[in-house]
Structures are given as structure tokens and as C-alpha cells.
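K.L.:
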Amino acid sequence: MKGDWKTAKGIFDLFPTAVRLTITPGGDTTLHIATAAKHVHFVEEMVKMMEPEDLELQNKYLNTAFWFAAAAGIVGIAKAMLRKNEILPMIRDYDKMTPLHVAALLGHSEMVWYLYNKTDHEQLNVCDWVKLLNACISTDLYDVAWDISCHHPTLAVERDGNGETALHLLARKPSAFSGGDQIHIWNTFINSISCKRVEHKKNLRPNKSLKLVKHLWQQVIVQPHSEILDLIRSPSPLLLVAAELGNTVFLTELIALYPDLIWEVDNHNRSIFHIAVLHRQENIFNLIYEIGSMKDLIVPYKDENDNNILHLAGRLAPPRQRNIVVGAALQMQRELLWFREVEKMVLPSFRERKNRDGETPWDLFTKEHKDLMKEGEKWMRETAAQSMLVATLIATVVFAAALTVPGGSNQDTGIPVLLRKKSFIIFAVSDAIALFTSLTSILVFLSIVLTSRYADDDFLELLPSRLMFGLITLFISIISMMVTFTATFFLLFSHGVTWAPILVAVFAFLLVTLYFSMQCRLWAHIIRATYCSRLIFRPRKHILY
1 MKGDWKTAKG
11 IFDLFPTAVR
21 LTITPGGDTT
31 LHIATAAKHV
41 HFVEEMVKMM
51 EPEDLELQNK
61 YLNTAFWFAA
71 AAGIVGIAKA
81 MLRKNEILPM
91 IRDYDKMTPL
101 HVAALLGHSE
111 MVWYLYNKTD
121 HEQLNVCDWV
131 KLLNACISTD
141 LYDVAWDISC
151 HHPTLAVERD
161 GNGETALHLL
171 ARKPSAFSGG
181 DQIHIWNTFI
191 NSISCKRVEH
201 KKNLRPNKSL
211 KLVKHLWQQV
221 IVQPHSEILD
231 LIRSPSPLLL
241 VAAELGNTVF
251 LTELIALYPD
261 LIWEVDNHNR
271 SIFHIAVLHR
281 QENIFNLIYE
291 IGSMKDLIVP
301 YKDENDNNIL
311 HLAGRLAPPR
321 QRNIVVGAAL
331 QMQRELLWFR
341 EVEKMVLPSF
351 RERKNRDGET
361 PWDLFTKEHK
371 DLMKEGEKWM
381 RETAAQSMLV
391 ATLIATVVFA
401 AALTVPGGSN
411 QDTGIPVLLR
421 KKSFIIFAVS
431 DAIALFTSLT
441 SILVFLSIVL
451 TSRYADDDFL
461 ELLPSRLMFG
471 LITLFISIIS
481 MMVTFTATFF
491 LLFSHGVTWA
501 PILVAVFAFL
511 LVTLYFSMQC
521 RLWAHIIRAT
531 YCSRLIFRPR
541 KHILY
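Residue 1 is where the sequence shown starts when you use UniProt numbering, and the numbers rise one by one after that.
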């Protein structure tokens, strides 16, 4: 395990057969252990002392040392072994998988490409290729999957042991089409407050996963219509799974090449748009504005319990979708926004139509969101109360500072001694701003705590707007207070130690920056929820046709 080749070589020189001996209850040899431990030099030297057939030794799970190299993703070890024995890539394990399959399942891209070119393709059957293709998709190795699908186009309609095709796997991977890189925190903030979503430049270009979907789907749609329907419906309805997960790019590619898919429904008679409403996937829902008069035929669909699409908007969103925004109040606002948007789309009679439980869409909305509404009121009151406490403290401090000016006043005239100093003007102005903004903030937060009705529609704009205004004025008061404090130090130390006020200014700046970084996410969500959320519906450009 330590990789001490010098000691090991001495043992092998005395006992040459030791290179073949099993040293664990699982039947592993020294080569198995060294490979699993990723000791490249140890393995390279040991392979030189072994016969080709020694590398074919398997443990009780039928794993060779080469299998361990594939699982570990160490290409250097694999190359050293392959130079000694070229049939190693075709020795299968207990599950009948080749080292190539193992490397693909574990997502080792470099190893997969190496073994892909070293494995005898003639010895792989259709089942092997299906497993390999699906393994590459599962671990985001789309370049390998693309190459496999190009050389074996019939794999598009082949199913694995679970009855799934490659398209079923891609339907469950919306991240495959949106770019996996982490966005810089500033871009996250811009995206949060922007009314128009900022996208990665790399996402403007067709990526490998998108090319793969197009290629696979082109092989499917040449099949008879009945076989196409069987593929997309079994073992799971891949269109509706994609709609539930918000896999917009995947769906648009399939529908653009085969428009009849727009009529597909699940076992509950719900279309992709009904699923999008139920799971709050606005990008999927927005496709409904691109299908023209077909919208008027699909929207009226009802499920087996007579729930129409507005009833589905009245259901509480899944936690994963609610947590897109912070705070129960903003979550309630988003839920109301969804309901109002769907309400505009349906006929007036649908708004009062009851399901089998005797509930109208609004009745269902009220029942499902009762707890969220209470949580939203509590969150709003607590946030306002805590912020009001801070604003009150600031108002107290800056009011006291205004009465006790730095440097004192002239006993005869009452004029401040340091009045002609620039720092004093800064002190006076910033102190006044801090006082007025903190008092404004207090009044706004008082209105949230004491006078708000917390009716349903108040969560749409009134309450978030007040909270945003209160937080902005509070932030301005904090900045002004720190400027006042810093200006005071410049006045007091103007003829003494000059580094002291500079140090205070630096700490004040850091404090304001820290506060901003802690609050910016909340502000961004409030701004977007209040002023930009309505723009998430009806996108400016068409992406379907």
C-alpha cells in the first residue's frame, strides 16, 4: 500500500512466483492492490517482471488488475499493462462488463477514450453497446456517446435492462443542455435582478448533448408512428418527465422535428403544459404561446378528477420549485403570479368550474396555500421587525451625534469650531441623510408590521415593494452612519496621527461591503419578484418554431 518498490523488488527477486500469489481473502494479487492504490511507478516496474498471462489473473469477483486501472482512471497504468497483454480490455468482470464499461460508469473521460480505441468493437454485442451508450450519457461523456451513436445509429431505439433508451436518460438531464460551469457570484446577482436572463456565451452554441439528442431523435422518427409512440411512452413518458424537470431544450428539439408530440398526455390526461403548470416550469409553459390555435384545444384538458389547468395552478408547487426564491412571502408571491397568469389563459367559465371534490380553482388555491400564507406573513413581520430595530438604533446614534458635534462649539456664538473643515460638511450632510433615511425606514417597516392586511393580492406587489423600499433606506442609513463616523475621526485626528482615520475608513468600508454581501441575495430576489417576475411569461423570442 505504501508503494515501496525497492523493498517489493527484493522480495520478488527472492521469490519470483510471488507476483502471482493472492494476498487478500478476495483473491487480489499484489498487482491488484498496487493498481487500486494508484502507484504508477510500482505497477510499471512490476509488470516488467510478469508474464503476459499473469496480468489476466482475476480475483473472486473476476476483476483483473487492468479492471482496477480502468475503475481508477489511471491511463498510465493501463498503458503499461496493455503493452504487455493486448487482450486485457476484453476480459469481463462478474457482471459481464468490460473495463471500458466500468470506466464509463465512473465518468473517467480520458480512460474511456483510451479504452474505446483499444477495445475490440467486433466482440461487443448490441447489449454491450446499449450499456456503454447509456453509461456515457449518465456520466456526461457526451462526446463519446456521440461517436458511439454515429457508428451505431440503431442504438437510438434499443432499450437497456430497465427498458429505457438513451433518450429516456437525456430527458432526465436538463443540466446537460444548460452548461455545467459555476457562474460567478456577480453574474448570479445580475441574473437575480435582471428582467432578462443573462446566459453563458458558451450556451449560445449547440453543445454535444444537443447534437446527440438531434441525432438520436432523427433515427427514431423514421420508425413507424406506433413504434415512436411506444418508445416515448414506455417505460416512462419521456416527454412528460422532461416537462416536469424543465428540460426545455430537449423538448423543443423533439417537438420541432415531430410536432404531433404536442398532443401527448399522461395517464391523467395532462399535457406537457399541464405538467409545466403543476411543477412550475415557466420555460416549458411559455411554449404554449408559440403553438397558435392549438393552445385553445389543449388548455381545456381535464384530468380524471375534473381538475382543469387552473386547478393545477392552484396546487402548491413542489418544494424544489418554491425554494427558487427566498422567504415564504416571496414564494407566496410567485404562486399568486402563476395562478393569475394561467387564469388569463382559460375561459371565464373555467375559473368557477368545480372538480370532483366540489372545489373551484381558487378554493383549491386557498386551501393548498393556507400554511404558506401564514408563513409568509410571519416571515414578512419578522424581517420588518428585525430591520426596524436596526433602523431605530441608527436613528438614535445619528441623532445624538447631531447634538454633540465633534470639536465642540464656540461659547460665544454657538457656531461649531470645525465648521470650515471639509470633513465637517461631510459629517453634517451624512448625519442628516442617516437620520432621515433611518426614520423613513422605521415608518415603512411599521406599516408592514401594523397596518398591512396581508390579503392574498398584497403579496403580489404591495408587501414586497414596501419591504424593498425599507431595506434600501436602511442600507443608505448604514452607509451614511459609517461616513459620519469616519468623518468624525478625520476631524479629530486632522493634526495628529493621520493613519488612524484612514484605518477607520477602511474598516468602515469593509463593514458596509460585508453587510451588502450578506443582504444582496435577498434584495435581488425581492427586486426580481416585485418588478421582473411578470416577465418570466411570454418570452420575447420564439424557441419552438
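We put the beta carbon where it would ideally sit given N, CA and C, even for glycine.
Where does Tyr-473 fall in DSSP's three states?
P.N.:
According to the sequence provided, residue 473 is Thr. The question's Tyr does not apply to it. If DSSP states are grouped into helix, strand and coil, Thr-473 belongs with the helices.
K.L.:
With distance defined between alpha-carbon atoms, name the residue in Leu-229, Glu-158, Ile-478, Met-81 nearest to Met-388.
P.N.:
The option with the nearest alpha carbon to Met-388 is Ile-478.
K.L.:
By a C-beta neighbour count over all protein chains shown, 10 Å radius and 16 as the cutoff for buried, is Trp-263 buried or exposed?
P.N.:
Result: exposed.
K.L.:
Span of the alpha helix (DSSP H) holding Trp-362?
P.N.:
Element bounds for Trp-362: 361-368.
K.L.:
Give me the residue from Ala-276, Leu-474, Leu-297 with the minimum Cα distance to Gly-314.
P.N.:
It is Ala-276.
K.L.:
Give me the Cα-Cα distance between Pro-52 and Arg-159, rounded to the nearest whole angstrom.
P.N.:
Cα to Cα, the separation comes out at about 37 Å.
K.L.:
For the structure I just gave you, are there three or more beta carbon pairs, one from the stretch 306-321 and one from the stretch 357-365, closer than 8 Å?
P.N.:
Yes, they touch.
K.L.:
Quick one: what's Thr-139 bridged to in DSSP?
P.N.:
Answer is none; Thr-139 lacks a bridge partner.
K.L.:
So what does Thr-22 bridge to, in DSSP terms?
P.N.:
Answer by DSSP bridge pairing, in chain order: Thr-29.
K.L.:
Quick one: what does DSSP say Glu-282 is sitting in, helix, strand or coil?
P.N.:
Reduced to three states, the DSSP call for Glu-282 is helix.
K.L.:
From this set, Tyr-94, Glu-290, Ala-391, which residue's C-alpha is nearest Phe-445's C-alpha?
P.N.:
Minimum Cα distance to Phe-445 is reached at Ala-391.
K.L.:
Shorter than 6 Å, the distance from the beta carbon of Leu-544 to the closest heavy atom of the ligand ADP, or not?
P.N.:
Annotation note on the ligand ADP: not contained in the displayed structure, which lists no ligands.
K.L.:
Which value, in whole angstroms, describes the spacing of the CA atoms of Ala-69 and Met-373?
P.N.:
Between Ala-69 and Met-373, the C-alpha separation is close to 56 Å.
K.L.:
Determine the burial state of Asp-4: buried for a count of at least 16 other Cβ atoms within 10 Å of its Cβ, exposed for fewer.
P.N.:
Asp-4 is exposed by the Cβ-count criterion.
K.L.:
Return the residue from the list Ala-455, Thr-396, Tyr-114, Leu-257 that minimises the CA-CA distance to Phe-436.
P.N.:
Minimum Cα distance to Phe-436 is reached at Thr-396.
K.L.:
Given 8 Å as the limit, is there contact between the stretch 315-324 and the stretch 286-296, that is, 3 or more CB pairs closer than that?
P.N.:
Judged by Cβ distances under 8 Å, the stretch 315-324 makes no contact with the stretch 286-296, as fewer than three pairs qualify.
K.L.:
In angstroms, rounded to a whole number, what distance separates the CA positions of Met-482 and Ala-400?
P.N.:
For Met-482 and Ala-400, the distance between alpha carbons rounds to 14 Å.
K.L.:
Should Arg-67 and Asp-93 be called a contact, given that it needs their Cβ atoms to be closer than 7 Å?
P.N.:
A small fix is needed here, since residue 67 is Trp in this sequence, not Arg. In contact: Trp-67 and Asp-93 (Cβ atoms closer than 7 Å).
K.L.:
Under DSSP, the alpha helix (DSSP H) around Glu-227 begins and ends at which residues?
P.N.:
Note, Glu-227: alpha helix (DSSP H), 225-233.
K.L.:
Tell me the rounded alpha-carbon separation between Thr-17 and Ile-11.
P.N.:
For Thr-17 and Ile-11, the distance between alpha carbons rounds to 10 Å.
K.L.:
Along the alpha helix (DSSP H) that carries Asp-13, what are the first and last residues, could you check?
P.N.:
Where Asp-13 is concerned, the enclosing alpha helix (DSSP H) stretches over 5-14.
K.L.:
Do Phe-537 and Glu-335 have their C-beta atoms closer together than 7 Å?
P.N.:
No, Cβ-Cβ distance for Phe-537 and Glu-335 is not below 7 Å.
K.L.:
Quick one: using the 10 Å Cβ neighbour count with 16 as the cut-off for buried, is Thr-7 buried or exposed?
P.N.:
Counting Cβ neighbours within 10 Å, Thr-7 comes out exposed, since fewer than 16 surround it.
K.L.:
Sorted by chain position, which residues of the same chain lie with C-beta nearer than 8 Å to Val-112's C-beta, five sequence neighbours on each side aside?
P.N.:
Contacts found: Leu-100, Ala-103, Ala-104, Cys-136, Leu-141, Val-144.
K.L.:
Excluding sequence positions up to five away, which residues of its chain have a Cβ less than 7 Å from the Cβ of Leu-169?
P.N.:
Asn-134, Ile-137, Ser-138.
K.L.:
Taking C-alpha atoms, which residue in Met-50, Asn-59, Ile-74 lies nearest to Asn-85?
P.N.:
Of Met-50, Asn-59, Ile-74, the residue nearest in Cα terms is Met-50.
K.L.:
DSSP on His-274, reduced to helix/strand/coil?
P.N.:
In this structure, His-274 counts as helix in the three-state DSSP scheme.
K.L.:
Consult DSSP for Gly-76 and reduce its assignment to one of helix, strand or coil.
P.N.:
In the structure shown, Gly-76 sits in a helix (DSSP, three-state: H, G or I).
K.L.:
Contact check, Ala-242 vs Ala-156 under 8 Å by CB: the rounded distance?
P.N.:
Incorrect: roughly 16 Å between the Cβ atoms, too far for contact.
K.L.:
From what residue to what residue does the alpha helix (DSSP H) around Val-265 run?
P.N.:
Where Val-265 is concerned, there is no enclosing alpha helix (DSSP H), given that its DSSP letter is neither H nor E.
K.L.:
Check whether the Cβ atoms of Val-299 and Phe-250 sit closer than 7 Å, and answer yes or no.
P.N.:
Contact flag unset, no.
K.L.:
Would you call Arg-528 buried or exposed, if buried means 16 or more other Cβ atoms sit within 10 Å of its Cβ?
P.N.:
Buried is the call here.
K.L.:
What would DSSP say about Asp-296, mapped onto helix, strand or coil?
P.N.:
Helix.
K.L.:
In angstroms, rounded to a whole number, what distance separates the CA positions of Phe-469 and Ser-175?
P.N.:
Those two C-alpha atoms are separated by around 36 Å.
K.L.:
If you draw a straight line from the alpha carbon of Leu-210 to that of Phe-177, how long is it in whole angstroms?
P.N.:
Near 7 Å, if we compare the C-alpha coordinates of Phe-177 and Leu-210.
K.L.:
Check Gly-314 in the structure and name its three-state DSSP category.
P.N.:
Three-state DSSP puts Gly-314 in a helix.
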